[in-house]
Amino acid sequence: MHVIIPARYGATRLPGKPLREVAGRPLILRVYERALASGARRVTVATDDARIADVVEGAGGEVVMTAADHASGTDRIAEAIALLALPDDAIIVNLQGDEPLMPPALVAAVARALNDHPQWHMATAARRMQDAQAFANPHLVKVVCAASGCALYFSRAPIPWPRDAGMPVAFLGHIGLYAYRAGFVRMFTGWGPSPLERRESLEQLRALDHGAAIGVVVTDADPGPGVDTEEDLARANALWTPP
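Encoded structure:
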C-alpha cells in the first residue's frame, strides 16, 4: 500500500490550510502521521507549493511536486503516479490532506479490501449512522450498497428514504477515503467529469457512470471532522489524539 496525500496551499475557505496547526504541528504532518501509522509501505505528499514541501521534507517525509491547476485531488494523484512511475497494479490510497483524525486502521482496511477483491476497481468507506439531522444534511454524502458490498449510488440527498412513518433513520455516511490501483487512476482521470458527477458534485459518481465497481468498507469508527473552516480546525484541535 502506497498512501498519497494531495495537498494544496490555496484553499478558498481556509487559506494555507495544510500549514495551520493541529495540536502544535502543521495539519499536513498530522495527516502524514496517520498514514505512517496505517502500516503503509510508502507515504508521499503530492503538492504544488514549496512551503508545504519544505515542512514535509523537513520532517523527513517524501514529497512530489505537481501542477497548480488540478481540478481535484485525484487529478493531483494521477500526476504523482506518473512522476513516480508507479506500476498499474500498485495499490494507492488517497488520504486527503485535511483529515488529521482519520483512523489508521481504516486506511489499512480500505487498501486490504481492494487487494482482497480483484474485481473491484475502487474501495472506499462508510460509517453506520442514525441521525436525522445528519441524514438531511447535503454536506454529508450518503451511500447505498448492494448485497455484494459495492456501492449502488452516492448522493447528497437523504438515501435510502424511510418511506414508512416511524422507520428508524439508519443510513451509511460516506467517508472520503479511497483506494485504487494506479492503472485505474490513469483511466479514471482520462474519462473526464460525468453528468452525474457534475449534478451532485461528487467525483466518485464518475466511476459509477462508467460501470466501475466501488467496494465499501462499512465501519462504526468516527473519522472525525475534515478541516475546511476555522470552526473545523478548532474541533480537530479539541478532538485530536495520537494515532
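All letters in the sequence shown, in the order written, are residues 11 to 253 by our numbering. Virtual Cβ for every residue (Gly too), placed ideally from N, Cα, C. All of these numbers come straight from a predicted model, not from anything done at the bench.
In the DSSP assignment, the beta strand (DSSP E) including residue i goes from what residue to what residue?
i, result
"G107", "From DSSP, G107 is part of no beta strand (DSSP E); its letter is neither H nor E."
"L162", "161-165"
"R137", "132-139"
"V237", "No beta strand (DSSP E) holds V237; DSSP gives it neither H nor E."
"V154", "152-155"
Kindly indicate which three-state DSSP category residue i falls into: helix, strand or coil?
i, result
"L96", "coil"
"E89", "helix"
"R191", "strand"
"E213", "coil"
"T229", "strand"
"M197", "helix"
Would you mind working out which of the options sits nearest residue i, comparing C-alpha positions?
i, options, result
"A50", "R86, A17, A118, A21", "A118"
"E31", "T229, V41, T22", "V41"
"P36", "R23, A69, P16, S48", "A69"
"P203", "Y188, A192, L187, H220", "H220"
"L29", "R23, L39, T22", "L39"
"H12", "D79, L96, V65", "L96"
Please list, in chain order, all residues of the same chain as residue i whose beta carbon is under 6 Å from its beta carbon, the five residues on each side excluded.
i, result
"R44", "M112, P114, P253"
The alpha helix (DSSP H) spanning residue i covers which residue range?
i, result
"R122", "114-126"
"R173", "Here R173 belongs to no alpha helix (DSSP H), and DSSP marks it neither H nor E."
"A246", "240-249"
"A144", "142-146"
Less than 8 Å between C-beta atoms, sequence neighbours within five positions excluded: which residues of the same chain meet that for residue i?
i, result
"Y190", "I101, I102, N104, L124, H131, M132, A133, F198"
Only counting the same chain, and skipping five residues up and downstream in sequence, which positions put a Cβ closer than 7 Å to that of residue i?
i, result
"A90", "I14, T54, A56, V74, T76"
Report task. Write down every uninterrupted run of the alpha helix (DSSP H) in the stretch 15-73 whose length is 4 residues or greater and which is fully enclosed by it, in chain order. Result -> 37-47, 60-68
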